[in-house]
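>
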DNA sequence: TTATACATTATAAGCGCTTAAATATTCACT
DNA sequence: AGTGAATATTTAAGCGCTTATAATGTATAA
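Residue numbers (my numbering), protein chains in the order written: chain A, 137 to 470; chain B, 137 to 470.
This is how it looks when you write it as structure tokens:
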């Protein structure tokens, strides 16, 4: 593989000149520029980003940790990040943690050894865990995309989950529902907790009592939400509406409800959360809380880049505002 | 940031000794090993994979190009690859092409500059395009996960799309359908072409004629498939069953059919293709052709790793076999 | 003519690692 | 004591770049 030296030799100039024409870092005469370019062409020279990074102490690469990139919500955020990477000439090292804390640690270690310029963390395993790895390494610019407490100072960009939960529930109430249930996420996850807190607040404000028979806890996945709903179904009287705390779970619930002979939204109204791409194509199309995943990804990237470029010391905290998307899974009782 | 030199100085040994204890590349006395480890601990030393890679000429990093990681099918494959990367101590640089050939070129260029050890290509933009980039660089171990012709020799791992299309159609026929339509993918994509060819073969063998009014072409996405179905609907008499050439399109079709007052599977049977995670949770749950996406990813990784480790010159071609998954979107007429 | 300034290119060190080759140490055996 | 083999550690080169500094050439002024 041709190196800068080979190019220099062929063009009969010094390596420094080659470097400068390649990077346009200072004036080189027309004539020599041409010679260099010809040599590059001839030798199929491709600069080694490795060597360059070693010298420059940056890699133009970010590392991103995600619980599972298979989840449409994460997938959409990742895509927003990746798009921005492309636009700015960065690369993305993507790692899944799959709920495994050891894997999180291991991956962070690898990423830091590879000297990524920054880290994007959207992994649940992070929360309330003591990431000693961060103490062992030089501090790397990091932005966390989660609602949780991280235990170390960092930029943060998050969805206003509390407000989202509130909006969702309020919509059900405004639609005339009074018997309202909730299938929430794992309460040890801050996001789940906040969405549920929003639910509570809306119920409280409307002077509606929460029937705990109608509250089930699941894990943000289709499968378990279906099970959770069946459990709720067994208990006897059903609510007329359920706030299901993310769209994937809503999908599971709709499926389970159908198989139990319930018709959505006639027998039961469902509102979801996230507005993933497929929400619109569910049957019935899902009324849900929209959060701009693409923006989330984009903002996270931009915040990270800004931190690096401006060497900002302070920590930013950005909050995205959720909005309601009305579709066909909630029945108007009024 | 501490370097190997710093460690060596603190431990009062040479850098080479430090390197050897870190990599266990040869015997070092107990006593010195301890000293080195203590220094590593003390200085929070983290080896630079950059410097190491420069010297060793490998990066333990693969690059992967995907049309769009947001598509559940791709997402699941990527996850299979990523899992394997983790298990084998590799990292994954993930790039989306989003249908943009320039972006494909640019990304390949970056990946090669970063000296990835291998390339996994699952991007449609690849097909029938002249990737001059590959000529400009040293050959990099590559595996292509697509049915198309690549124009350059490479390992290939693909789904038997022809057979899958055949199985799907045959299932509809066996279920008693004779009026069968098809919503296929873009016919310039080999995968789409082969699935459709399988459809044709099954129809031909059953002596059923193909009504071209019932054949629409779409782009493997929800949105357009819904449109395509509406177009088909307008034409008058409907088929009793449709082979929709992937699950995302099937979702769009089911949604469109519902909004047109059609009940699935009573008025219209649908069979999909891919068996993405959510297929089971559609309403009705989707009968489809399963292909092991996780395996596809795994095999692709393993093939690539094998090529690197054994320096294999010949090109492998692996084919995965599709299978039928019976669920509730096809009505039995017999 | 010589000194000075300016424009252009070359030299060489160093980024942080690995490893072949050189060196130092230990030990067994004449 | 002297030799050689075996063992343990160090020295130093080099991976492919960037860039501070030095060197060279050329035009202008004194």
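For every residue, glycine included, the Cβ atom is placed at its ideal position computed from N, Cα and C.
Since this is a predicted model, take the numbers as computed values, not measurements.
Is the separation between the beta-carbon of residue 146 of chain A and that of residue 175 of chain A shorter than 8 angstroms?
Result yes, Cβ atoms of residue 146 of chain A and residue 175 of chain A sit closer than 8 angstroms.
> Assuming the contact rule is C-beta atoms closer than 8 angstroms, residue 108 of chain B and residue 137 of chain A should be a hit. Round their C-beta distance to whole Å, please.
Nothing about residue 108 of chain B can be reported from this structure: the residues present for chain B run from 137 to 470 only.
> Please name the residue or residues paired with residue 156 of chain A in a DSSP beta bridge.
DSSP, once it has assigned bridges, lists no residue as partnering residue 156 of chain A.
> Which of the three DSSP states is assigned to residue 211 of chain A in this structure?
Note: residue 211 of chain A maps to helix in three-state DSSP.
> So, helix, strand or coil for residue 336 of chain A, using DSSP?
The answer is helix: DSSP assigns residue 336 of chain A an H, G or I state.
> Which term fits residue 148 of chain B, buried or exposed, when burial requires 16 or more other beta carbons within 10 angstroms of its beta carbon?
With fewer than 16 other Cβ atoms within 10 Å, it is exposed.
> Use the C-beta contact count for residue 235 of chain B: other C-beta atoms within 10 angstroms, 16 or more gives buried, fewer gives exposed.
Classification of residue 235 of chain B: exposed, given that the 10 Å Cβ count is below 16.
> Is it true that the CB of residue 419 of chain B sits closer than 8 angstroms to the CB of residue 407 of chain B?
The answer is no: Cβ separation not under 8 angstroms.
> Inspect the CB distances between the segment 427-434 of chain A and the segment 154-164 of chain B and report whether three or more fall short of 8 angstroms.
These segments do not touch.
> Along the chain, where does the beta strand (DSSP E) containing residue 292 of chain B start, and where does it finish?
Looking at the DSSP string, the run of the beta strand (DSSP E) that includes residue 292 of chain B is 291-295.
> With a threshold of 8 angstroms between beta-carbons, can residue 381 of chain A be considered close to chain B, or not?
So no, residue 381 of chain A is outside the interface.
> From the beta carbon of residue 275 of chain B, is the nearest beta carbon of chain A less than 8 angstroms away?
By this cut-off, residue 275 of chain B is not an interface position.
> Taking DSSP as the reference, what is the three-state secondary structure of residue 303 of chain A?
Three-state DSSP puts residue 303 of chain A in a helix.
> From which residue to which residue does the beta strand (DSSP E) around residue 405 of chain B run?
Where residue 405 of chain B is concerned, the enclosing beta strand (DSSP E) stretches over 405-407.
> In chain B, what lies closer than 7 angstroms to residue 227 of chain A by C-beta?
Chain B residues near residue 227 of chain A: 229, 246, 250.
> Any idea which residues DSSP pairs residue 410 of chain B with across the strands?
B/426, per the DSSP bridge assignment.
> Please decide whether residue 185 of chain B counts as near chain A, where near means a Cβ-Cβ distance under 8 angstroms.
Taking Cβ atoms only, chain A reaches closer than 8 angstroms to residue 185 of chain B, which makes this a yes.
> Among all the DSSP beta bridges, which residues are the ones paired with residue 379 of chain A?
Per DSSP, A/318, A/407.
> On the DSSP bridge assignment, give the partners of residue 221 of chain A in chain order.
Answer is none; residue 221 of chain A lacks a bridge partner.
> Just to confirm, is the Cβ distance from residue 288 of chain A to residue 270 of chain A under 8 angstroms?
Against a cut-off of 8 angstroms, the Cβ pair of residue 270 of chain A and residue 288 of chain A comes out as a contact.
> Excluding the 5 residues preceding and the 5 following residue 338 of chain A in the sequence, name in chain order all residues of the same chain whose CB lies nearer than 7 angstroms to its CB.
So the list reads 302, 305, 306, 309, once near-sequence residues are dropped.
> Taking only beta-carbon positions, decide if residue 453 of chain A is within less than 8 angstroms of chain B.
No, its Cβ sits nowhere closer than 8 angstroms to a Cβ of chain B.
> Go to residue 148 of chain B, then tell me how far its beta strand (DSSP E) extends in each direction, as first and last residue.
From DSSP, residue 148 of chain B is part of no beta strand (DSSP E); its letter is neither H nor E.
> Alpha carbon to alpha carbon, how far is residue 177 of chain A from residue 379 of chain B? Give it in angstroms, no decimals.
If you take the alpha carbons of residue 379 of chain B and residue 177 of chain A, they lie about 50 angstroms apart.
> From residue 196 of chain A to residue 456 of chain B, what distance separates their C-alpha atoms?
Taking the straight line from one Cα to the other gives about 37 angstroms.
> Give every residue of the same chain whose Cβ lies closer than 8 angstroms to the Cβ of residue 404 of chain A, excluding the five residues on either side of it in the sequence, and list them in chain order.
Excluding positions up to five away in sequence, the list reads 374, 375, 376, 377, 378, 393, 398.
> Say whether chain B places a C-beta atom closer than 8 angstroms to the C-beta of residue 409 of chain A.
Residue 409 of chain A does not count as touching chain B.
> Residues of chain A with CB under 8 angstroms from residue 232 of chain B, in chain order?
Ordered by position in chain A, the residues that pass the 8 angstroms Cβ test against residue 232 of chain B are 215, 218, 219, 222.
> Any residues in the segment 408-433 of chain A with a beta carbon nearer than 9 angstroms to a beta carbon of chain B? Which ones, in chain order?
From the segment 408-433 of chain A, only 413, 414, 416, 417, 418, 419, 420, 421 have a Cβ closer than 9 angstroms to chain B.
> On the CB-based measure, 16 or more other CB atoms within 10 Å of its CB, does residue 224 of chain A come out buried or exposed?
Residue 224 of chain A is exposed by the Cβ-count criterion.
> Quick one: using the 10 Å Cβ neighbour count with 16 as the cut-off for buried, is residue 371 of chain A buried or exposed?
Exposed, since its Cβ has fewer than 16 Cβ neighbours within 10 Å.
> Quick one: what does DSSP say residue 454 of chain A is sitting in, helix, strand or coil?
Strand.
> Residues of chain B with CB under 8 angstroms from residue 190 of chain A, in chain order?
Here the neighbours are 184, 186, 187, 190.
> Please classify residue 298 of chain B: is it buried, with 16 or more other beta-carbons within 10 angstroms of its beta-carbon, or exposed?
So residue 298 of chain B ends up on the buried side.
> Kindly say whether residue 312 of chain B, judged by its beta-carbon, lies nearer than 8 angstroms to any beta-carbon of chain A.
Residue 312 of chain B does not count as touching chain A.
> Give me the residue from A/200, A/341, A/180, A/364 with the minimum Cα distance to residue 321 of chain A.
Nearest of A/200, A/341, A/180, A/364 to residue 321 of chain A, Cα basis: A/364.
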